[in-house]
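These protein sequence lines map, in sequence, to chains P and B. Following my numbering, the numbering of the first sequence begins with 1093 at its first residue and continues without gaps. Following my numbering, the numbering of the second sequence begins with 48 at its first residue and continues without gaps. Positions of the beta carbon are idealized from the N, C-alpha and C atoms, including for glycine. Predicted model, so just to flag it, every value in this text is computed and none were measured.
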Amino acid sequence: MALALMLIIVHGTAAFAGSGTALQEKSITGRVVSTSGESIPGVSILVKGTTHGTISDIDGNFTLSDVRSEDILVFSFIGMKEVEVTVGDQTNLEVTMEDAVIGVDEVVVVGYGTQKKSDITGSVSSVSEERLAKIPVSNVMQAVQGAVSGVSVTQVSSIPGEAPQVLVRGGGSLTASTEPYVVVDGIPISKMGGSINDINPNDIKSIEILKDASATAIYGMNGANGVILITTKSGKSSKPTIKYSGYLGVEEFANIPEMVSTDELLARYAEGNRINGSPLYEAPVKYQYEVENYKNGHTIDWIDEVSQTGIQQNHNISISGGSENLSYYISGDLLDQKGVVKGYNYKRNSIRTNIDAQVTSYLKIGTNSSIVYHNRDGGRANLLNAEAMSPYGRMYEDDGTYTIYPMFGETLWANPMLPTTTSPERRQFNVNLNGFAYVTFGDIWKPLTGLTYRLNAGHSTIQSRNSNYTGQSVNDLLGTATISRSETQAYTIENILRYDYDVNKHHIDLTGVYSSQERVYNTNWAQASDFVNDELGWDRMQAGASSSVSSYADRYAAISQMGRLNYSYDSRYLFTVTVRRDGSSVFADGMKYGTFPSVALGWNIRHEGFMANAEKITNLKLRLSYGKSGNEAVSVYRTFTTMADRQIPFGGSTNIAMVTDRLGNSDLSWETKESFNLGLDFGFFNNRINGSLDVYSANNSDLLLSRKLPSASGFGSVTANIGETSTKGIELTLNTVNVATTNFKWNSSIVFSNSKSEITELYGDGLDDIGSGWFLGEPIGVIRDYKKIGIWQEDEITNGDHLDWDPVAKPGDVKVADISGPDGVPDGVITDDDRVILGQTAPKWTGGLTNTFAYKNFTLNVFIQTVQGAMRNNSHIGMAADEIERRNSFAEIGYWTPENQSNEWRSLNKNSNPHGYGFPVKNNFTRIKDITLNYDVPQHLLDKAGISALSLYLSGRNLYTFTDWIGWDPEERDTQRGWNNWEINYPAVRTVVFGINLTL
Amino acid sequence: MIVMALTFLAISCSEDFLDETPYSSYAPETLTDEAGIEAALKGLHYNFGRIWTWSDQQGWAGVWQDGTDVCSPGGVQGVEIPFFKYEDLNSENAAVSYMWSMCYLIINNANNAMVAIGEDGDPAKMAEARFFRGYCYNILATLYGDVPLLTEPTSSARTDLERTPVSQVNAQIVADLKYAAENLPDITGTVSESRANKHMAMQSLGEVYLRLDQPADAETVLTSIINSGLFSIVEERYGVAIDVNGDYFSDMFKFGNQRRSEGNTEAIWTFELEYNKGGISGGFTNAPQQRRNWVPAYHNIPGMTYVYDGVDESFVHPYGGRGNGRIRPSNWVKYELYEDGDIRNSENNITRTFYYNAPGYSATWGIDANGFRVAADSPDAVMVKDVMVGDTALIAASDTLEVAYPYTRKWDSFDPTDQWGWTNIKDFPIMRFGETYLLRAEARLKNGNAAGAADDINVLRDRAFKAAREESGNSELGKVSSSDIDLDFILDERARELFAEENRRMTLMRTGTLVERAALNTESTIKGTISGISEIHLLLPIPLSEIQRNKDVLWEQNPGYN
C-alpha cells in the first residue's frame, strides 16, 4: 500500500515536473549481470504497469524501444530479487541482480519459534501464500491437497462444512489416530476439540508442515503424525490496508452413475421373481405404489428430485495496519454454502482479531483470537434412498404431502424427500482466546542479549447444539424431539525460554519449553416422544409423554518439558538436538511419561568455499535426522475396565442394569516412533530448477491398537501396546521454470510420494494375527479375501467341475480360486485357507502436478492429482445381488441369468455369493483437481481508481476424474441401507467459482 | 494475563494433574454394594434379552426354525440360508458366532457378579447369577459341544483359552442350576416380576438332565414344578383380549396378557419387552424381528392392508400387524400335524384365511384352474370374479411363499403408533408350564413309564380338545394312551403345543433327532429345500473368528466343518 502510494506520488510528480519531455519516446539498451559479474539471459524487463517489455538475450543484453524517461523498468527473473530502475536520462543501463535464493533469508515457522529456512535440519514443507490466495477453498486443507509431498488429504466427504481427512507420511500406527497435529499461532487446536474447519482460510499467512522426527520432535507426543503449523496474518506498521476477497460459485454432482432404464428395472424385478420367487404385486411392476405410474407411463428421476444447484459464496473483509508500537489485523468472514443435495447447508461466520503491541522496549504482548460460528441447519434429503427409488414410485399423496414409502409395500426405503420436511438445527460456536507475552531481556539488561521469554496462553470454548424434531411428515406418529448439547473447555499454557548467541560465524540457540494442556468435555442429550401434535417440536419437550436424558463427560491432560539446541557454523554446518519429555493422562499409572530425543545434522554445501564458482548451482543442502517420538492417540479411560448402565423393565417399571462395557488395560503406555530421514534441498540455474528429495524410514513400536480377543473371554477387543511396523518412503518436490519470456511464463511443480509400510512384529512369536487382520511383512491395512476368477456357469456345474473345487457352488455363483487347504495345497473346498492378501488399503503412491501459465496479466493454474495402488471393497457391487431385484440401481452392475451367462456378474439368487466375497477393486484415480484463471488488473488502471491491487479469477474444482471405480467417486464415503448414518451419503461435487481479491 | 498463566501453571504442577478418573462410567469394583449387585444381576437379564432382540441379521429367528421339521424359508434374509442348505453351513456364519459370543458375554457378566456378591454373600443373588451361567453354558454345550469353561471374570486380555470337554461343562451346568434351583425364590417371591425364580432353574435343569440322559433326575425336578401348586394350565379365557376374537389358548400370547400378573398362570419365565410408553423405557434393545419373521407379508395382496385403526387397549390386530413372511410353517405342520378339534390349530392360533380389509376395495380378478388369482383378462383365467372388502382374499400362486400362508399368531405384535412395524413390542414367552408336562413326559418315557408320559400329554390334550369335546360330546376326543407314546410322538406334541415358541433346532439337537426329524419336511420350493443335512449338524461349527483370535491355543474344529 505504502509502496503503491509512493509510486503514485512519484509518478504524479514526474508527470508534472517533466511535462516538457514526458511525451518523448526513446530506445534504451543495457545488460543484466549477477553480483559476480556474469551475464544473465532470460531476464524479463517490463515497463511497470504495462505489458510492454522484452527479455535479455544469451549475453544478458537487451534493447527496448518506446520508453519514456519517467517510465520504471522492472527486471525480474526467477530466483533473483526484482530490480526497478527509473529510465530518466539513461539510454544504456548496467543492471546488477542479486540472488533471492529461497532458504537463505527466508524465515519459516518451525514450532516454538522461527528459523532461517537455510538453517533447518528437518523436513518441512510449506504451502505458498500464493496458492492459498488463488485457490478458493472453504477449508484450508483443500489448498494443501496434492500440493505438498508426503501429505495426503482425502476429501472423504463433500458435505458442506465437513473437514477433509489429513495424513502425513502415510501414518504408520495401526489403530491409533493418524491425524496430524494442528497448531494455529502457537496454540494447538488438535486434541483441544477444535477442527481444521474452524480456521478461515482467508486469515492464513502461511502453512508449514513438519514431517520428519527432527522437525516434529519439538512437539513430542503430538508430532508422531506430523504437525501442521498455521500462522495467521498480522498487521504491518503502515497506513491501513483494506482488503476484500470474495467468491461466488456453483456446484453440481461431479458424477452421477447411470441408473438402469425402466425396461431394465422391470427385467430385474422379473428375474428376482424367477430366481428367488420374490412376489410381484402386479406384474411387471413389483410394488403396489408403482402400478399407477407404470400404467400412466409416468416416471420420476429421484436423483434429480433430491438435488439442486449448489451455491457457495464467501465474503471476507480484512483491515490491517498499525503504528510504531501497535499493529493489528482484523477480519470478518462469511461463508455460505447450499449443497447439491437439498437440505445440506453450511454457514460459517468468523471474526479474527490479531493485535501485537510493543508495550515497552522489552515487552511485546498480543492476541490472536477468533470467534467462529458454524451452522449446519437443514432437513437433509436422503440420497441413499433416492438412489434406490423406482422411477415408478409415488412421490405425493392426494393431499400434497410426501408419500412415506414411494415403493409401498416395500418399506425398506422411505421417500428420500421426507427429511426435508424437518428443520433440524446443528450449530456450533468456537471461541478461541489466545494471547502471548514476549520479553527480550537484552533490552532490560545488556548482558542478557539474546535471551527471550514467550508465554503463550490459549483458551478455547466450543459449544454445540443439535436439535431435531420428527413428526407425522416422516411417519413418526408419536413425534420425537431430541436436543443434544456439548461443551469443550480447553486451555494450553506454554512457557518458552530462548537464548540466541552469535559469535563470529557461530550461531547457537537454545529453546526450553514447559507446557500443560487440559481439555474437559461434557455433553448431554435429551429426548422426548409421544406429543399431542407436532406444533412445538423441541421447544417444549415436557409436552412429550415419554422422555429420556443422558450425559457424558471426560477429561484429558498433558504436561510437557522440552529442550532444543541449534548450532550452526557459517550457515554451512547445522546441528540440532532436541529432547522432550511428555506426560499424558491417557496412560496407566506409572506409564504416563515418555522421553523422546532427536538429533539432526545439516550441511549447506552451496555455502562451501569450493562451491563459490559453481554458478549453476544455486542451492544445495543435505539434511540428516534421527529421532524418537511418542504417540498417545488413544481415547481417554482405556486403562480402566468399565461397566455400562442399561435400562430394563421389570414388573412394568424401568430398572437400571449394569453390564460389562470395555476391558481396560492397566499396562497401557506410549507408542514410539523411531525415524530416520535423509534429505537434499537443491536449486540449479538460479533456481529455475529447484526442489527437495527426502528418503525416510520409520519404525513404530508398542503400537497402540485395538486387539481382537476371543469373545469367549467376555470381551471382543482391548486397546494394547503390541508389535512393530516399519515404513520406508521417498518424497520429491520439483519446481521448474519451463518458459520465461517477457509476456509468457510457464512454471511446473511436481510432488511425488511413495511409501511402503509393513508389520515387522506382532507378539514376538513370529505369527500373524489373522483374527485382527494383521500379517507380518504386509502393510497395516490389507484386504484379505478370495480371488474371484469368474462366475460358475451352468455347464460347469452340470459337468461337476465344482465338486472338487467348491462343492456348494450353483450356476451364477461367484467363482473363487481354490488356492490352498489346511495342508497348504488346494483341498477341493473353499475355506478361509483360500483367502489371500489381495492388496492394501492405503495408496502406494500419490502425485500432484501443477502447471502455471502466465501471459501478461493472466495466470492459468492447472492442478492434476493422482492416487495409485490402493484397494477397497466396493459395497455397491457387494450388495447388488441381494438388492437389485427390488430397487433402482446402477446400470453398470449387471447380473447373471441362464440366458446371459455373465462371467463378471453373479446371479440375483440371494445366496450367489456364499463365501462372502467382498468385491475389492482398485480405487486408483487421476483427477483434474483445480483449474484457475486469474487476471490481475493492470496497475496503471488501478492507480487511477486509487486501488492497490485487484485480481479476478475463475476457478473450477474436481473437473474430471479418470477412474475405473463403479459408484459415485473413488474417494466416496458411503453407507449402505440398514445403517443410521445415511447422511454421509453425499456425492463428490464439481465446483465453479468466480472470485475477486481487492486491496485498497 | 501473566497472573492467569501462573495460576494455570500452579494447577498444572499439582501431582494428580495427569490422574484419570472416568467421569461417566462405573468400574466393576464400585458395584459391590447391594444396589450395585442388583444392577449387575439385572444386567444378566438385559444381555439375555439381546440374544432374541437381535436385528442386525433379520433372518436370525429363522436360524432356529428353518431346516427342521417345522419350518421352511419364506422371504429369506441370508443368515438363515445355511440352516436349510446345510452344505453352506460353515464357521463364518454370523448366527453361529452371535449365539456364541452372547452366551459368553452373559457368562463373564455372571462371573463378575459372583465376585461382587462374594462367597459369603446372599445365596439368592448368587443363585440368579449361577442360573444365567448354567443356562448359557447349556446353550453352548448343546450347540457346540466342547467349549471353554470360564468360571472367573476376565480381567486382562486372554488368547489362551482351552476347549473343555463337554462332560466337565455339563457338570458345571448341573451344579449351577441345582444351586439356583435350591436358592432362588419361587415365582411369588422374586423382587419383581420376571426376575429369576427357582422354577426357571428347575425347568432348565430338567431339560439338562434329559440331554445328559438322566431321566430319573429330570422327572424329579420337573415333578416338583408341577407339584408346587403355583402354576396351572390355562383353560379359560382371561385378560385384556377377552372381548376380541380368540380363545383361551390364544389369550396367552396377546399383548398385555403374557405375564403371571396379567393372568397367565402358565408363565414360568416371560421376558418383558415393554412397549416404550408411559414412562417405561428399556426393553427392546435392538429391533426384535419375531413378528416380521412369522407373519406373512399379506399386505402385498391387492386389497389387503396392515393399517388398522380399530385399536383399543388390547392392541389386537386382526392379522397381527405387518409381516415380512420370512418363516413359513412346513407342509407337515400345516397339513399333517394337527388332528381335528385341536384348539392349538384354531383360526385364532394358526390363521389360514384372509379377508379383504383395505377400505373401499373392490376389483375384478380372474381365477385360474388351481384357484389362484390371475388378471381378469389372463388366458389362464377359468373364471372371473368381482371382489370387495370383506370377501375372502384371492391369492396368486407365488403368494404362498411369503405373502399368504397359514401362520402362527403367537408373534402378533401391533403398535398403533408404528403400524408399519419396525419392531416387536410384545413380551417373549421363554418358559411355559405347558412345556413342563412335555419335558416330564419325555423323562417318564425314558424311565419306562409310557403310561405316565401319556398322562402328561393328556393334561395338554384335555386343554387342547376341551372346546371340541364340549361341542362334540365326545369326552375322549384327542386323548392318547401309553401305546401312542414314543419320542417321535413327544416331539410331534411339542410341535403342536410349542410351535414358534420353542427353539426347535435346539430341541432336535438336544434329542439328537435333527436329521430324521428334518426328513419330515419334504417340501420343495424356489425359496429353498432342506439339503446337505447330516449327523455333523448335531453340533454347530466353532466360529472361525474365535479359533483365529484365540491364537495361543489351537482349537480343532467340530467334525465335518471347515
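Query	Result
Residue-level contact to chain P via CB, Phe64/B, 8 Å cutoff	yes
Buried or exposed (CB count within 10 angstroms, at least 16 for buried), Gly2087/P	buried
Presumed contact (8 Å Cβ cut-off) between Val1432/P and Glu1343/P, rounded CB distance	5 Å
Check whether Tyr1591/P and Leu1525/P have beta carbons under 8 Å apart	no
Beta-carbon proximity check, Thr1324/P vs Arg1444/P, cutoff 8 Å	yes
Per-residue DSSP class, three states only, for Glu1363/P	helix
Beta-carbon proximity list for Lys245/B, same chain, < 6 Å, skipping 5 on both sides	Ala228, Leu231, Asp233
Which residues DSSP lists as bridging Val1810/P, in chain order	Leu1755/P, Arg1799/P
From Val1671/P, Gln1182/P, Glu1300/P, residue whose alpha carbon lies closest to that of Val2102/P	What is shown of chain P runs 1093 to 2092, which leaves residue 2102/P out entirely.
Reference Ile1822/P, options Ile2023/P, Ser1784/P, Leu1854/P, closest by Cα	Ser1784/P
Proximity test, Cβ basis, 8 Å: Asp1974/P and chain B	yes
Option nearest Ala1346/P by Cα separation, candidates Ile2076/P, Asn2072/P, Thr2053/P	Thr2053/P
Ile1251/P: CB within 7 Å of a non-hydrogen atom of the ligand HEM	With respect to small molecules bound, the structure shown includes none, and the ligand HEM cannot be examined in it.
Neighbour flag for Val1810/P against chain B, beta carbons, 8 Å	yes
DSSP state of Leu2000/P mapped onto helix, strand, coil	coil
Residues sharing a beta bridge with Arg557/B, DSSP	DSSP output for Arg557/B lists no bridge partner at all.
Within-8 Å CB hit, Gly349/B to chain P	Per the sequence shown, residue 349/B should be read as Pro rather than Gly. Yes, contact with chain P.
Boundaries of the alpha helix (DSSP H) in which Trp99/B is found, first to last residue	81 to 99
Where Ala2080/P sits in the DSSP three-state scheme	coil
Range covered by the alpha helix (DSSP H) that runs through Met1633/P	Where Met1633/P is concerned, there is no enclosing alpha helix (DSSP H), given that its DSSP letter is neither H nor E.
Extent of the continuous beta strand (DSSP E) to which Asp465/B belongs	Here Asp465/B belongs to no beta strand (DSSP E), and DSSP marks it neither H nor E.
Interface residues of the stretch 528 to 546 of chain B facing chain P [CB-CB below 7 Å]	none
Alpha carbon of Thr1811/P to alpha carbon of Pro1280/P, nearest angstrom	26 Å
Chain B contacts from the stretch 1641 to 1654 of chain P (Cβ-Cβ distance under 8 Å)	Ser1643, Tyr1644, Ala1645, Asp1646, Arg1647, Ala1649, Ala1650, Ile1651
Under 9 Å by beta carbon: chain P residues contacting Ile98/B	None at all; the shortest Cβ gap to chain P is about 13 Å.
Distance CB(Trp2074/P)-CB(Asn1474/P) smaller than 8 Å	yes
Val1196/P in three-state terms, based on DSSP	Its pLDDT being 43, under 50, Val1196/P is placed unreliably in this model, and the coordinates cannot settle the point.
C-beta atoms of Gly1214/P and Ser1306/P nearer than 8 Å	yes
The stretch 325 to 335 of chain B in contact with the stretch 101 to 108 of chain B per 3-pair CB rule at 8 Å	yes
Cutoff 6 Å; reference Ser1967/P; Cβ partners in own chain excluding five residues on either side	Gln2068
Backbone secondary structure at Gly1873/P - three-state DSSP	coil
Beta-carbon contacts of Leu65/B that lie in its chain and below 7 Å, excluding the five residues immediately before and after	none
For Arg541/B, three-class secondary structure by DSSP	helix
Contact set between Thr1503/P and chain B, taken where Cβ atoms lie within less than 7 Å	Trp467
Residue from Ser308/B, Leu485/B, Tyr184/B, Phe296/B whose Cα sits closest to the Cα of Thr237/B	Ser308/B
CA-to-CA distance, Val1908/P to Tyr2009/P, given in whole angstroms	8 Å
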